[in-house]
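Here's the structure we're looking at; comments come further down.
Protein chains in written order, with the working numbering: chain G, -14 to 395; chain Z, -15 to 285; chain U, 14 to 291.
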């Protein structure tokens, strides 16, 4: 009882000290509208706030609050909030199946008639956020690319140059290894990175662009044909050039290895470009080279779009914002505030300021591009393919077995 | 003879607050969610009654059942490591600490408890760093232990044991604390009598201390068991939600999270009905094993 | 003479063992603390040794960031009130269940225990709806009811067991004196069950303080975020500044440790009081 006598006044004191208001996010004045925007990009708070402030200048009565969620929890949190009717007014939408499902569940609004949407984006850029009947459920916002980051200083020091094809790439790695370097920074611990950046990055080299992908999706071509087996074999061949103990190397570790020059190259996505901004060495990019006889293609992947909640209290204001993103002016402002390594998807030619971003875009010149292989229609094969790549790199199974294991699930 | 309190012992009054909070904020939502195991679909719009279909899928669908049984056996291994290492060390340390004239008990106990106060995120990060040959390799070589250099968390043979041991390291504080309390509660006269009879410390422990702390051993075993079967954070912090590498650290907790809450990365479409089915089965399993354990070990039940 | 010599030896062995374990505990803590004084990349230059240059900015940024003070206050408030409520309610319930033997009592007891078996996470959607209906969504007040509900199963478990162990003669004397149940509870029971109360509090302290899930789904309002939730702001999708995270979480471990020490001294007082009984 004595304890309570001490604790209760303490708590009451705390209550007084804590300025607390219930029910955050109520509109304060009748005219002013506050919208919330959910996202998984906690990294972009600064940039997005700049973008949203720029919008506020055009629509002074509307304030949009950027409220990203811890990335690994984004899916779960968003679902819960949508299911219980407490979701944000605007939100980032994932492409293809993940986004479609939320549209089917009735959470994403139909965006087809937003002015500027259908006109200002190419069909292939609209496709990731389009239902099979042509309804759009989000406004495309940014895409990402994948390439090989390389340490220019070390290359210069050892007299090496960008490899022309895959075989040259392997022998380059071999040379580096013999000289005592760790050629590649990639690891297996986080699982998703080796698949999404490396495997899907080089897959278009072996199977071709979007036009070929649909053949695999329809079953016309099997997932264990020669192209696939070669792709898995390529991963197996490159495993020895990854760090010792690469089974434990996480994505974070890989970035550090490259950044501290402990590894010479790193196959990664464009989103990391900002991390190396202040790197104390000169670095560049080259596309993952295709084997002799095949043409190099790039995995240029539509990643983020923005959509509105069907249950939002302010559909007009939300729609207005989305329409702004589809206009040339809005898209340009948005692109200037995109984080490093994200690319605008709108038709208008937009010049990016970051030299490395432009370097990424230049890789696309004259090459076929495609989204990550499983994203459009085969997401259920993501996990099996991931496991197959990991096993083949560990040497537990052969490339043929890897390809067969995935084909078996078709 | 148990004195029956007078009829106006307002036991309902005493129970009411706890019962109210518990029912409204836990029992009711949980039962409602377990009910979901009989439905499919993810929200009001798409929900459809499917009877025992989710349970059937859990055990017969090749992919799902492989994952389930994998997680099931992994969780048992996880539990055994905890039972032996965490609780074994707990009793061992408690015995050491409660010896008469033992100095520094408070300090040691606090030190043992410090890892328990850490967020699991931190524990995960620290041990991931220390068990990573890329970063720890040079250090191990410099202190003359190069043979310890190994990708523990990336090797399917060692990952689960590594994660289990780290989890034991973190939670050891709690059983130690409870066993210390239990041992100190033992009547000093009993121990005096034993010593006068000439019993050595091992005999005293085995024949007197252990039987007297049986209720606490039971409680700790039950709490360990229940916590392990719902464990999720440590795997999440040290590996990933899939139970990498190659599902070797997949526990029922992570399986449930994947199917029931977050969905498979990166799509993120959960199957609430399946998740609820997993939770229901786990619940039944736990009830079946816990209640007899409690009956066995608690006196005067 | 021989007896005391043997005791000395035993203690040396005990100290060696415990010191070994102390090292196993303190080494990772050493790694934690020294790395919180480095930058994101320099951690990896030599992860197990002191920094070349001591980077205090991680701590100063956090301490100067008003937000983190708010998060900290919120966590402290939520955890304190949850702990007080859970121990109070559990002890009241435990008293009733331990003293009133009946079929209903046993059923209710197992009803509580059942709550230990399921992760409360699966009830999240329903809980979100309930909180919304109560108007508590987006405030820290949504958390204590859930935490109390979460902590009650173990609390009732521990306290019922403990109160059952108390000897009969305690009550005989009081009842003969004509004491009401309320007096028996506050004057006799409560002081004696301090170890159990402390155990319940300590056991629940950790999950309450370190919980990320419920603040994550309930609270979007910056001013109501708890500490761990605030920390996740530092986690990016592809990159995380671990040196900052380490600094913040080192700081946040301190109040937990302080609360633990405060409660464990209660615990000790209670235990020694109890062991004197005949």
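Even for Gly, the Cβ is constructed at its ideal location relative to N, Cα and C. Small disclaimer: the values here were computed from a predicted structure and weren't measured.
Cross-chain neighbours of residue i in chain G, by beta carbon under 9 angstroms
| i | result |
| --- | --- |
| residue 217 of chain U | Under the 9 angstroms cutoff, chain G gives no residues; its nearest Cβ is about 15 angstroms from residue 217 of chain U. |
| residue 66 of chain Z | Result: empty, since nearest Cβ-Cβ is about 23 angstroms, beyond 9 angstroms. |
Where residue i meets chain G, residues with beta-carbon distance less than 7 angstroms
| i | result |
| --- | --- |
| residue 135 of chain Z | 230, 232 and 233 |
| residue 68 of chain U | Here the premise fails: no neighbours, minimum Cβ distance about 15 angstroms. |
Assigned secondary structure, residue i (DSSP; H/G/I helix, E/B strand, else coil)
| i | result |
| --- | --- |
| residue 212 of chain G | helix |
| residue 276 of chain Z | helix |
| residue 69 of chain G | coil |
| residue 248 of chain Z | coil |
| residue 222 of chain Z | helix |
| residue 67 of chain U | coil |
| residue 44 of chain G | coil |
| residue 75 of chain G | strand |
| residue 392 of chain G | helix |
| residue 248 of chain G | strand |
| residue -1 of chain Z | helix |
| residue 243 of chain U | helix |
| residue 268 of chain G | strand |
| residue 264 of chain Z | helix |
| residue 24 of chain Z | strand |
| residue 83 of chain Z | coil |
Nonlocal neighbours in the same chain, by C-beta distance under 8 angstroms from residue i, ignoring five residues either side
| i | result |
| --- | --- |
| residue 41 of chain G | 47, 48 and 49 |
| residue 27 of chain U | none |
| residue 134 of chain Z | 117 and 142 |
| residue 280 of chain G | 190, 352 and 353 |
| residue 290 of chain U | Note on residue 290 of chain U: pLDDT 36, under 50, position unreliable in the model; no value is reported. |
Contacting residues, own chain, Cβ-Cβ under 7 angstroms from residue i (five flanking each side not counted)
| i | result |
| --- | --- |
| residue 261 of chain Z | 21, 38, 39 and 42 |
| residue 265 of chain U | 240 |
| residue 206 of chain U | 104, 172, 175 and 176 |
Listed by chain order, chain Z residues near residue i by CB distance under 7 angstroms
| i | result |
| --- | --- |
| residue 134 of chain U | 245 |
| residue 82 of chain G | 251 |
| residue 364 of chain G | 251 |
Residues that residue i bridges to, as DSSP identifies them
| i | result |
| --- | --- |
| residue 49 of chain G | G:20 |
| residue 284 of chain G | G:355 |
| residue 331 of chain G | G:106 |
| residue 125 of chain G | G:290 |
| residue 104 of chain Z | Beta-bridge pairing links residue 104 of chain Z to no other residue. |
| residue 130 of chain G | G:285 |
| residue 201 of chain G | Per DSSP, none; premise fails for residue 201 of chain G. |
| residue 169 of chain G | G:250 |
Residues near residue i in its chain [Cβ-Cβ closer than 6 angstroms; skip 5 each side]
| i | result |
| --- | --- |
| residue 110 of chain Z | none |
| residue 323 of chain G | 127 |
| residue 178 of chain Z | 188 and 192 |
| residue 101 of chain Z | none |
Minimum C-alpha distance to residue i - residue among the options
| i | options | result |
| --- | --- | --- |
| residue 278 of chain G | G:224, G:160, G:319 and G:192 | G:192 |
| residue 121 of chain U | Z:-4, Z:239, Z:264 and Z:138 | Z:-4 |
| residue 330 of chain G | G:281, G:357 and G:288 | G:288 |
| residue 286 of chain G | G:29, G:67 and G:79 | G:79 |
| residue 104 of chain Z | U:179, U:186, U:170 and U:258 | U:258 |
| residue 81 of chain Z | U:153, U:29, U:90 and U:247 | U:29 |
| residue 216 of chain U | U:177, U:187, U:270 and U:235 | U:270 |
| residue 22 of chain G | G:365, G:334, G:302 and G:184 | G:302 |
| residue 149 of chain U | G:71, G:340, G:233 and G:293 | G:71 |
| residue 34 of chain G | G:345, G:17 and G:53 | G:53 |
| residue 139 of chain G | G:248, G:382 and G:282 | G:248 |
| residue 283 of chain G | G:150, G:388, G:187 and G:58 | G:187 |
Proximity test, residue i beta-carbon vs the ligand ADP heavy atom, cut-off 8 angstroms
| i | result |
| --- | --- |
| residue 71 of chain Z | The model on display carries no ligand, and the ligand ADP is accordingly not part of it. |
Residue i: contacting residues in chain U (beta-carbon distance under 7 angstroms)
| i | result |
| --- | --- |
| residue 130 of chain Z | Going along chain U, no residue has its Cβ under 7 angstroms from residue 130 of chain Z, so there is no contact; the nearest lies around 15 angstroms. |
Where residue i meets chain U, residues with beta-carbon distance less than 9 angstroms
| i | result |
| --- | --- |
| residue 360 of chain G | Result: empty, since nearest Cβ-Cβ is about 17 angstroms, beyond 9 angstroms. |
| residue 125 of chain Z | Those within 9 angstroms of residue 125 of chain Z in chain U number zero; the least Cβ separation is about 12 angstroms. |
Neighbouring residues, chain Z, relative to residue i (Cβ below 9 angstroms)
| i | result |
| --- | --- |
| residue 108 of chain G | Result: empty, since nearest Cβ-Cβ is about 23 angstroms, beyond 9 angstroms. |
Under 8 angstroms from the C-beta of residue i: neighbouring residues of chain Z
| i | result |
| --- | --- |
| residue 24 of chain U | 83, 85, 86 and 87 |
Chain-ordered neighbours of residue i on chain G, where CB pairs are closer than 8 angstroms
| i | result |
| --- | --- |
| residue 13 of chain Z | Neighbours of residue 13 of chain Z on chain G: none; closest Cβ ~12 angstroms, over 8 angstroms. |
Problem - chain A contacts made by the stretch 164 to 193 of chain G, where a contact means CB separation under 7 angstroms - result: Considering every chain present, this structure includes no chain A. Its protein chains are G, Z and U.
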